[in-house]
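Asker: Sharing a structure, written as structure tokens. Questions coming.
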Amino acid sequence: MDKLVIAGKEFNSRLFMGTGKFSSYGLMKEAIEASGTEMVTLAMKRVELGDSNDELLSHIAAPDIQLLPNTSGVRDAEEAVFAAQMAREAFGTNWLKLEIHPDPRYLLPDSVETLKATEKLVKMGFVVLPYCQADPTLCKHLEEAGAATVMPLGSPIGTNKGLLTKDFLQIIIEQANVPVVVDAGIGAPSHAAQAMEMGAAACLVNTAIAVAGNPVEMAIAFKEAVIAGRKAYEAGLGSTGANLTAQASSPLTGFLNN
Amino acid sequence: MHMKIIVNNKETEVSATTIPELVTELGMPEKGIAVALSRQMVPREKWNSTRLEEGADIIIVKAVCGG
Chain A
221 MDKLVIAGKE
231 FNSRLFMGTG
241 KFSSYGLMKE
251 AIEASGTEMV
261 TLAMKRVELG
271 DSNDELLSHI
281 AAPDIQLLPN
291 TSGVRDAEEA
301 VFAAQMAREA
311 FGTNWLKLEI
321 HPDPRYLLPD
331 SVETLKATEK
341 LVKMGFVVLP
351 YCQADPTLCK
361 HLEEAGAATV
371 MPLGSPIGTN
381 KGLLTKDFLQ
391 IIIEQANVPV
401 VVDAGIGAPS
411 HAAQAMEMGA
421 AACLVNTAIA
431 VAGNPVEMAI
441 AFKEAVIAGR
451 KAYEAGLGST
461 GANLTAQASS
471 PLTGFLNN
Chain B
1213 MHMKIIVNNK
1223 ETEVSATTIP
1233 ELVTELGMPE
1243 KGIAVALSRQ
1253 MVPREKWNST
1263 RLEEGADIII
1273 VKAVCGG
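So, in structure tokens, the structure goes:
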């Protein structure tokens, strides 16, 4: 399998994992290890006096794992820049999952603010991986602004609905000169495999693993689906017939009577 | 000497006059956090030299789980 390279850094796994919604740090850690992921997303929140001091990073930080702090909770580009600076300080990395979704009901990314913030943050030296609409034109703009990847959504965050944006993702993948990471909405390993078969560079999965009956087994299922999908893409899928007529894969004559 | 400052939008009485003292006084971990004064991030190397004054507006964030 080809290695994934983002901003000059090599990744052995094409599955990125979010850390939200796990029932415990222990389970999250086990799922991360089982998934084989080398990129995990995290968030930030204001400290409350009297919060427990159980430090999250000690459960995740490993030399082969790239931490990818997000800017969840910001409403515009200005707030995103502030959050990015705080994240760089708190996490000790200039990698950033830029996400600006001012509307809490649908959590859909604000394209205008996301593009503005990408332009600013790239100039400030951040490695920016923007979560964005599955909009081919926007993705080209983000790429031109210096985004390290584009991360279009399959469907709204946490809905597990899969690749509702499939045809647009295909266009984005065809046009992109940066890795395309399908983020958000991937609810089953088959969705991840489908994205990878289409030529996505990676998938970012959180809810589908975290809330599974057995998150560790589900992490393994996603790991295998991403590998299978990528291998299929690299092997070259056969074309799909344009009509419903069958195409025999065995000889139809000359066996019983000659 | 106690003074009132704002920490994450809450008025708080502290005796700390620098950021490291404040972090210790509030019982926060040293790692995995970031501190801003008047909505400007204060880099760690400037924590010691940044003086906290009466009414200072501080934001402290920490790493949490997220997607």
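Chains A and B, in that order, give the protein sequences.
The first sequence maps to residues 221 to 478 in this note's numbering.
The second sequence maps to residues 1213 to 1279 in this note's numbering.
The beta-carbon is built from N, C-alpha and C at its ideal position, and this holds for glycine as well.
Remember, it's a predicted structure, so these values are computed and weren't measured experimentally.
1. Restricting to Cα atoms, I'd like to know which of A:Ile440, A:Phe475 and A:Asp355 is closest to Val400 (chain A).
2. How is Asp387 (chain A) classed by DSSP in three states: helix, strand or coil?
3. Let me know the secondary structure DSSP gives Arg1251 (chain B) once reduced to three states.
4. Mapping the DSSP letters down to three states, classify Ala455 (chain A) as helix, strand or coil.
5. In angstroms, rounded to a whole number, what distance separates the CA positions of Thr1224 (chain B) and Ser1250 (chain B)?
6. Quick one: does Asn426 (chain A) have its CB under 7 Å from some CB of chain B?
7. Applying a beta-carbon distance threshold of less than 8 Å, which residues of chain A neighbour Asn1260 (chain B)?
8. If I'm right that Lys381 (chain A) touches Leu235 (chain A) with Cβ under 8 Å, what's the distance once you round it to whole angstroms?
9. With burial defined as no fewer than 16 other Cβ atoms inside 10 Å of the residue's Cβ, what is the status of Thr239 (chain A): buried or exposed?
10. Can you name the start and end residues of the beta strand (DSSP E) that Ile285 (chain A) belongs to?
11. Quick one, which of B:Thr1236, B:Asn1221 and B:Lys1222 has its alpha-carbon nearest Ala1228 (chain B)'s?
12. Enumerate, from N- to C-terminal direction, the unbroken alpha helix (DSSP H) stretches of 4 or more residues contained entirely within the stretch 415-444 of chain A.
13. Against chain A, does Ile1245 (chain B) count as a neighbour if the rule is that its beta carbon must be under 7 Å from one of theirs?
14. So for Gly246 (chain A), helix, strand or coil by DSSP?
15. Can the beta-carbon of Val1276 (chain B) be found closer than 7 Å to that of Met306 (chain A)?
Answerer: With the structure as the only source:
1. Residue 400 (chain A) sits at position 180 when you count from the first residue of the first sequence. For the residues A:Ile440, A:Phe475 and A:Asp355, the minimum Cα distance to Val400 (chain A) belongs to A:Asp355.
2. Taking the first sequence and counting its residues from 1, one reaches residue 387 (chain A) at position 167. In the structure shown, Asp387 (chain A) sits in a helix (DSSP, three-state: H, G or I).
3. Translated into positions along the second sequence, residue 1251 (chain B) becomes position 39. It is coil, neither helix nor strand.
4. For the purposes of this step, residue 455 (chain A) is taken as residue 235 along the first sequence, with counting starting at 1. Ala455 (chain A): helix per DSSP, three-state reduction.
5. Residue 1224 (chain B) sits at position 12 when you count from the first residue of the second sequence. Residue 1250 (chain B) sits at position 38 when you count from the first residue of the second sequence. Roughly 15 Å between the two C-alpha positions.
6. Counting from one through the first sequence, the residue named residue 426 (chain A) turns up at place 206. Yes, Asn426 (chain A) lies at the interface with chain B (some Cβ there is under 7 Å from its Cβ).
7. Numbered from 1 along the second sequence, position 48 holds the residue referred to as residue 1260 (chain B). Near Asn1260 (chain B) there are no residues of chain A at all, since even the closest Cβ is about 15 Å away, more than 8 Å.
8. Numbered from its first residue, the first sequence carries residue 381 (chain A) at position 161. Numbered from its first residue, the first sequence carries residue 235 (chain A) at position 15. Rounded, the Cβ-Cβ distance is 19 Å, inconsistent with contact.
9. If you number the first sequence from 1, residue 239 (chain A) lands on position 19. It counts as buried.
10. For the purposes of this step, residue 285 (chain A) is taken as the residue at position 65 of the first sequence. No beta strand (DSSP E) holds Ile285 (chain A); DSSP gives it neither H nor E.
11. Walking along the second sequence from the start, residue 1228 (chain B) turns up at place 16. Nearest option by C-alpha distance: B:Thr1236.
12. 427-430
13. As a first step, residue 1245 (chain B) is located in the second sequence; it is residue number 33 there, counting from the start. True, the Cβ-Cβ gap to chain A drops below 7 Å.
14. Against the first sequence, residue 246 (chain A) aligns to sequence position 26. Reduced to three states, the DSSP call for Gly246 (chain A) is helix.
15. Translated into the one-based positions of the second sequence, residue 1276 (chain B) becomes position 64. Translated into the one-based positions of the first sequence, residue 306 (chain A) becomes position 86. Contact: no.
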